[in-house]
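Peer 1: If you scroll down you'll find the structure; I have some questions about it.
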Amino acid sequence: MNKRAKFELRKPLVLWSLTLAVFSIFGALRTGAYMVYILMTKGLKHSVCDQSFYNGPVSKFWAYAFVLSKAPELGDTIFIILRKQKLIFLHWYHHITVLLYSWYSYKDMVAGGGWFMTMNYGVHSVMYSYYALRAAGFRVSRKFAMFITLSQITQMLMGCVVNYLVFHWMQPDQCHSHFQNVFWSSLMYLSYLVLFCHFFFEAYIGKMRKATKAD
């Protein structure tokens, strides 16, 4: 495997990334519109605790599609391996844990799911659009990549906040969840937060400092 030549796979990668980008954009628009409506009409607590996201005429489709999409997204890893790029811990850890947690939580329709899915759709719509442009050979500003990582860090911070709210409102039995789910979800989001912050400083801040010293 180490001796073989790497596969370019430019066209399949463009198609793959573009497909996931379009899927994520539609998902973000549909779930985002629903979450904004709930926030504006019923407030923050309802948007976090209510299970209607899993049952709404439109949102239930995108909730189900979200869970199913986590398995095909592992295809990102296949492209990395075939193209002989560096497979970092953050990449495969993030993909596998999101897949397991999504499948584990969906069946219980736990509180906070609407926020988690909508944020993920939003970040992925930008991220996969960036991947598609890069794969197609377009030169994309480094600031765009930094923006994506900062968006991911913000997503993880928001995930921690939502988990806190679920736990807080769960105590008087007003939020449908259970301690084990909140614990694993919080641990997952905290680990993502640490890993994405570390990646940001290593990939961007560290390199900027080295470039400054070199000058």
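Here the numbering used here is used: the first residue of the sequence shown is 0, the next is one more, and so on.
Beta carbons are placed, not taken as given, at the ideal position from N, Cα and C, and that holds for glycine.
Being a predicted model, the structure only gives us computed values, none of them experimental.
Evaluate Trp-102 with the Cβ neighbour count: other Cβ atoms within 10 Å of its Cβ, from every protein chain shown; 16 or more gives buried, anything less gives exposed.
Peer 2: exposed
Peer 1: Short check: CB of Gly-113 to CB of Ser-46, under 9 Å?
Peer 2: yes
Peer 1: Thinking Asn-180 and Ser-104 are a contact (beta carbons under 8 Å), I'd like their distance in whole angstroms, please.
Peer 2: The pair is a contact, with the Cβ atoms about 6 Å apart (cut-off 8 Å).
Peer 1: Thinking Gln-50 and Met-116 are a contact (beta carbons under 8 Å), I'd like their distance in whole angstroms, please.
Peer 2: That belief does not hold up - the Cβ atoms of Gln-50 and Met-116 are roughly 13 Å apart, past 8 Å.
Peer 1: Rounded to whole angstroms, how far is the Cβ of Gly-26 from the Cβ of Phe-65, which I believe are closer than 8 Å?
Peer 2: 7 Å
Peer 1: Which same chain residues end up closer than 6 Å to Gly-121 when comparing Cβ atoms and leaving out the 5 residues on each side of it in sequence?
Peer 2: Closer than 6 Å at Cβ, skipping near neighbours: Ala-27.
Peer 1: For the alpha helix (DSSP H) containing Pro-56, list its first residue and its last residue.
Peer 2: Unbroken run through Pro-56: none, as it is neither H nor E.
Peer 1: When the distance is taken between beta carbons, is Leu-17 closer than 9 Å to Tyr-267?
Peer 2: Residue 267 is absent from the model: the chain starts at 0 and stops at 214.
Peer 1: Can you round the beta-carbon distance between Leu-81 and Leu-8 to whole angstroms, since I take them to be within the 8 Å contact cut?
Peer 2: 6 Å
Peer 1: At 4 residues or longer, and completely inside the region 156-191: list those alpha helix (DSSP H) runs for me, N to C.
Peer 2: none
Peer 1: Among Gln-84, Ala-20, Lys-5, which has the Cα closest to the Cα of Glu-72?
Peer 2: Ranking Gln-84, Ala-20, Lys-5 by Cα distance to Glu-72 puts Ala-20 first.
Peer 1: Report the option in Tyr-188, Leu-189, Tyr-191, Asn-162 whose CA atom is closest to the CA atom of His-177.
Peer 2: Relative to the Cα of His-177, the nearest Cα in the group Tyr-188, Leu-189, Tyr-191, Asn-162 belongs to Asn-162.
Peer 1: Could you give the C-beta distance for Tyr-191 and His-93, rounded to a whole number, given that I count them as a contact under 8 Å?
Peer 2: 6 Å
Peer 1: Out of Ala-134, Gly-111, Val-125, Gly-158, state which residue places its alpha-carbon closest to the alpha-carbon of Met-145.
Peer 2: Val-125
Peer 1: Could you say which of Ser-140, Ala-134, Arg-138, Lys-44 lies nearest to Leu-12 if we only look at CA atoms?
Peer 2: Ala-134
Peer 1: One question on the structure: do Leu-164 and Lys-44 come within less than 9 Å of each other, judged by their Cβ atoms?
Peer 2: yes
Peer 1: Measure the C-alpha to C-alpha separation of Ile-37 and Lys-5 and round it to an integer number of angstroms.
Peer 2: 48 Å
Peer 1: Taking its Cβ as the centre, do 16 or more other Cβ atoms sit within 10 Å of Leu-194, making it buried, or is it exposed?
Peer 2: buried
Peer 1: In terms of alpha-carbon separation, which member of Phe-198, Phe-143, His-197, Val-160 lies closest to Ser-184?
Peer 2: Val-160
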